[in-house]
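K.L.:
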Amino acid sequence: MGGKIRNLLSSQPIRIKVLVFGIIMSIIPLLLISYYYYSNVKADLENRILANQKLVLQNLSSEIELEFNQTFQQLQLAIALKQQGKQQNIFYDLLKQNESIEEIVVMDDLGYVQRKVSRYNLNLPLQNEKWFSDSFWSDFQIKNRTYGKVEFNQFGQPIMKIMIPYIEDGKQKGIGAVIQLQKIIGKISSLRQEDSSYLFLLDEDGKVIAHQDYSQLWKKHSNSAKSDILGVQTEISGLDWTFVMEQPATIAYEPINHLFRNGLYVAAIATIIVSLISVYAGLYFTTPIIYLEKGMNYLKAGRKPAPILLNRQDELGKLAASFNEMSNKLKEKSLRLEQEKERLSVVVNGIEAGLALVTKEYQVTWMNPLLQNWIHHQNLNLPCFTLFGGKQEACEECPITCPELDANGNSIMKTKGVNEEERMFNHRIFPLNHAMKGEGEFLIVIEDITEQKQIEEKMIQTDKLSALGLMASSFAHEVNNPLATINVFAEI
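Here the sequence shown stands for residues -1 to 490, numbered as in the numbering used here.
1) DSSP three-state label for residue 435, please.
2) Measure from the C-beta of residue 64 to each C-beta in chain C and report whether the shortest distance is under 9 Å.
3) Could you give the residue range of the alpha helix (DSSP H) that holds residue 246?
4) With distances taken from CA atoms, which of 44, 327 and 261 is nearest residue 551?
5) Which residues mark the beginning and the end of the beta strand (DSSP E) in which residue 351 is found?
6) Is there contact here, the stretch 264 to 273 with the stretch 283 to 300, by at least three beta-carbon pairs under 8 Å?
7) Would you list the one or two residues that DSSP bridges to residue 164?
8) Comparing C-alpha positions only, which one of 214, 435 and 62 sits nearest to residue 181?
9) Rounded to whole angstroms, what is the Cα-Cα separation between residue 344 and residue 398?
10) In terms of residues, what are the limits of the alpha helix (DSSP H) holding residue 256?
11) Based on Cα-Cα distance, which residue from 56, 54, 79 and 92 lies nearest to residue 68?
12) Given that a residue counts as buried once 16 or more other Cβ atoms are within 10 Å of its Cβ, and exposed if not, what is residue 157?
13) Can you tell me which of the three DSSP states residue 122 falls into?
14) Can you give the Cα-Cα distance for residue 16 and residue 289, rounded to whole angstroms?
15) Taking only the alpha-carbon atoms, compute the straight-line gap between residue 104 and residue 46 and give it to the nearest angstrom.
16) Could you have a look at residue 106 and say whether DSSP puts it in helix, strand or coil?
17) Relative to the alpha-carbon of residue 492, which residue among 372, 320 and 427 has its alpha-carbon at the smallest distance?
18) By DSSP, does residue 208 sit in helix, in strand, or in coil?
19) Using CA coordinates, which residue listed in 474, 408, 465 and 423 is at the minimum distance from residue 388?
20) Should residue 176 go down as buried or exposed, given a rule of 16 or more other Cβ atoms within 10 Å for buried?
21) Along the chain, where does the beta strand (DSSP E) that runs through residue 364 open and close?
22) Could you give the DSSP three-state label for residue 426: helix, strand or coil?
23) Determine the DSSP secondary structure at residue 156, reduced to helix, strand or coil.
24) Quick check: what's the CA-CA separation for residue 207 versus residue 115?
25) Could you name the residues of the same chain whose beta carbon sits closer than 8 Å to that of residue 232, not counting the 5 residues immediately before and after it, in chain order?
26) Can you tell me the Cβ-Cβ gap for residue 227 and residue 244, rounded? I've got them flagged as a contact below 8 Å.
27) Of all the options 317, 22 and 341, which has the alpha carbon lying nearest to the alpha carbon of residue 308?
28) Using the C-alpha atoms, what's the distance from residue 470 back to residue 486?
29) Return the bridge partner residues of residue 373 from the DSSP annotation.
30) Kindly indicate which residue of 257, 409 and 260 has the alpha-carbon position closest to the one of residue 393.
31) Do residue 314 and residue 286 have their CB atoms nearer than 9 Å?
32) For residue 431, is the classification buried or exposed, using 16 other Cβ atoms within 10 angstroms of its Cβ as the cut-off for buried?
33) How far does the beta strand (DSSP E) with residue 98 in it extend, from its first residue to its last?
Below is the structure:
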């Protein structure tokens, strides 16, 4: 996978690489920083929310505990005044002072009601009336303050019984009260939080006895943890009640999520800006390279590239100037090379000699047209000693076979022409010191000397006839001289 990505990146133009690099280097650090701050701010926000919820619960718990403490103190004060006989209507005054108290009862040491003062019922206790349950009376025997369970009165309102002991005539008796919970429920229900959190109160059985949402009252509350809820709870001492404050995580994290969304918008805008800058930078840095690439392609195709005009003084500007200079020099040298090539072609094709390039393995790599006309073999891939000399083995004194020889292998060879006439060729080999390997390390020069040999033979024949005529004339002269003498004497 990594190799494919590297191959893909390496095949892309440099302007694409600059663009991708600019975008990546702008997005990745921004995303990492945003994620870091988001994680830390989210954790800090969660801690602050939980701390604030806990503080609210502690204040409300303190208020509820204070209200019950005040009620217990009022009951203790009332029983103390009753024992002293200072106020006969103390219980009625207590009902007036504390609106949460619905009923006050006084019990003997056996738990029977001795006196009753109520807002809604008759104040006459029944015979052997017990005001409490057995478990309630058991708790009363061992505790200074006893709390009953949440019940409902005849009006359907939640109430709870409380009782404290007192000593009279050496016996432990009790004074209790029925407390209306409507005030507590109303106080909790009226606390509407601006951050959409909600409060509720649970009794010892886990039932909701107070909630901001009335539809949740008296339902069994599940204590299982929920990942989408932020909440804290605190216990109210003595009552076995649990105060709970919860808030949906989506709402709790809305400020940080809003901040994160704004950060994404900023990141998107920054990405667009950086992309535009990257495009500009990519074009700024890659345009000269593209021009240079086009110029190189023109040079590769043998055409003259247009001058690269860049009004820049940096390295790319200097590179463009160097390329223009190199292009002009290369054009000049190419022109000279073409001239030299033309001259060499004229010389090679016009010379009355066959030329060939041969490798160290006796393979012919090139021949001029004249030598091609002299060769009658169909297979031009034969070794030079077979192609030119008609031999099956390499020549013994050939410089190719024996490089240590100083001679150029000057020799004369005879072959048959097209019309089966005998032709004579002068054969010479010259080593090339700067030849490319496989292109031909030796130059073979073959000259047709058939006519030259024929002329030489004719000249030798002519010289022979001339010498014979001179000898004949000398012989005649030597013969004529005696004959002339004889003739003179004959005439005398």
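For glycine and all other residues, C-beta sits at the position ideal for the given N, C-alpha and C.
P.N.:
According to the structure data:
1) Sequence index remark: in the sequence shown, residue 435 carries index 437 (1-based). Correct three-state label for residue 435: coil.
2) Chain labels in this structure do not include chain C; a single protein chain is all it has.
3) What you label residue 246 is simply residue 248 of the sequence shown in a count that begins at 1. Segment 239 to 246 is the beta strand (DSSP E) holding residue 246; no alpha helix (DSSP H) there.
4) The displayed coordinates of the chain run from -1 to 490. Any statement about residue 551 would go beyond what the structure contains.
5) The residue you call residue 351 lines up with position 353 of the sequence shown. No beta strand (DSSP E) holds residue 351; DSSP gives it neither H nor E.
6) No: the two stretches stay apart, fewer than three of their Cβ pairs being nearer than 8 Å.
7) By one-based count along the sequence shown, residue 164 stands at place 166. Beta-bridge analysis with DSSP links residue 164 to 171.
8) The sequence position of residue 181 within the sequence shown is 183, counting from 1. Closest in alpha carbon position to residue 181, among 214, 435 and 62, is 62.
9) As a working mapping, residue 344 is identified with position 346 in the sequence shown. As a working mapping, residue 398 is identified with position 400 in the sequence shown. Going by the C-alpha atoms only, they are around 28 Å apart.
10) Counted from its first residue, the sequence shown places residue 256 at position 258. That run of the alpha helix (DSSP H) goes 252 to 298.
11) For the purposes of this step, residue 68 is identified with residue 70 of the sequence shown, where counting begins at 1. Here the closest residue by C-alpha is 92.
12) Taking the sequence shown and counting its residues from 1, the one referred to as residue 157 is at position 159. By the Cβ neighbour-count rule, residue 157 is buried, with 16 or more other Cβ atoms within 10 Å of its own.
13) The count along the sequence shown starts at 1 and reaches residue 122 at position 124. When secondary structure is reduced to three states using DSSP, residue 122 falls in the coil class, being assigned neither helix nor strand.
14) Counting from 1 along the sequence shown, the entry for residue 16 is found at position 18. Counting from 1 along the sequence shown, the entry for residue 289 is found at position 291. As the crow flies, the alpha-carbon of residue 16 is around 17 Å from that of residue 289.
15) By 1-based counting over the sequence shown, the position of residue 104 is 106. By 1-based counting over the sequence shown, the position of residue 46 is 48. So the alpha carbons of these two residues sit roughly 48 Å apart.
16) Taking the sequence shown and counting its residues from 1, one reaches residue 106 at position 108. Residue 106 carries a coil assignment under DSSP once its states are collapsed to helix, strand and coil.
17) This structure does not reach residue 492, given that the chain is present from -1 up to 490, and the question cannot be answered.
18) Your numbering for residue 208 matches position 210 in the sequence shown. Strand.
19) As a working note, residue 388 is residue 390 in the sequence shown. Selected option, being the one with the closest Cα: 423.
20) Along the sequence shown, one-based indexing puts residue 176 at 178. If you draw a 10 Å sphere on the C-beta of residue 176, you find 16 or more other C-beta atoms in it, and that means buried.
21) Looking up residue 364 in the sequence shown gives position 366. Run containing residue 364: 362 to 365, per the beta strand (DSSP E) assignment.
22) Within the sequence shown, numbered from 1, the residue matching residue 426 stands at position 428. Reduced to three states, the DSSP call for residue 426 is strand.
23) Taking the first residue of the sequence shown as position 1, residue 156 is located at position 158. Reduced to three states, the DSSP call for residue 156 is strand.
24) Your numbering for residue 207 matches position 209 in the sequence shown. Your numbering for residue 115 matches position 117 in the sequence shown. Each residue's alpha carbon lies about 26 Å from the other.
25) Indexing the sequence shown from 1 puts residue 232 at position 234. Taking residue 232 as the centre and dropping the five residues before and after it, the same chain places the C-beta of 52, 55, 56, 59, 240 and 241 closer than 8 Å to its C-beta, in chain order.
26) Here residue 227 is taken as the residue at index 229 of the sequence shown, counted from 1. Here residue 244 is taken as the residue at index 246 of the sequence shown, counted from 1. Yes, they are in contact, since the Cβ atoms of residue 227 and residue 244 sit about 5 Å apart, within 8 Å.
27) Translated into positions along the sequence shown, residue 308 becomes position 310. The option with the nearest alpha carbon to residue 308 is 317.
28) Working through the sequence shown from its first residue, we reach residue 486 at position 488. Working through the sequence shown from its first residue, we reach residue 470 at position 472. Distance between the alpha carbons of residue 486 and residue 470: 24 Å.
29) What you label residue 373 is simply residue 375 of the sequence shown in a count that begins at 1. None, per the DSSP bridge assignment.
30) As a working mapping, residue 393 is identified with position 395 in the sequence shown. The shortest CA-to-CA distance from residue 393 to any of 257, 409 and 260 is the one to 409.
31) Translated into the one-based positions of the sequence shown, residue 314 becomes position 316. Translated into the one-based positions of the sequence shown, residue 286 becomes position 288. In contact: residue 314 and residue 286 (Cβ atoms closer than 9 Å).
32) Position 433 of the sequence shown, counting from 1, holds the residue named residue 431. When all chains shown are included, residue 431 counts as exposed.
33) What you label residue 98 is simply residue 100 of the sequence shown in a count that begins at 1. Unbroken run through residue 98: none, as it is neither H nor E.
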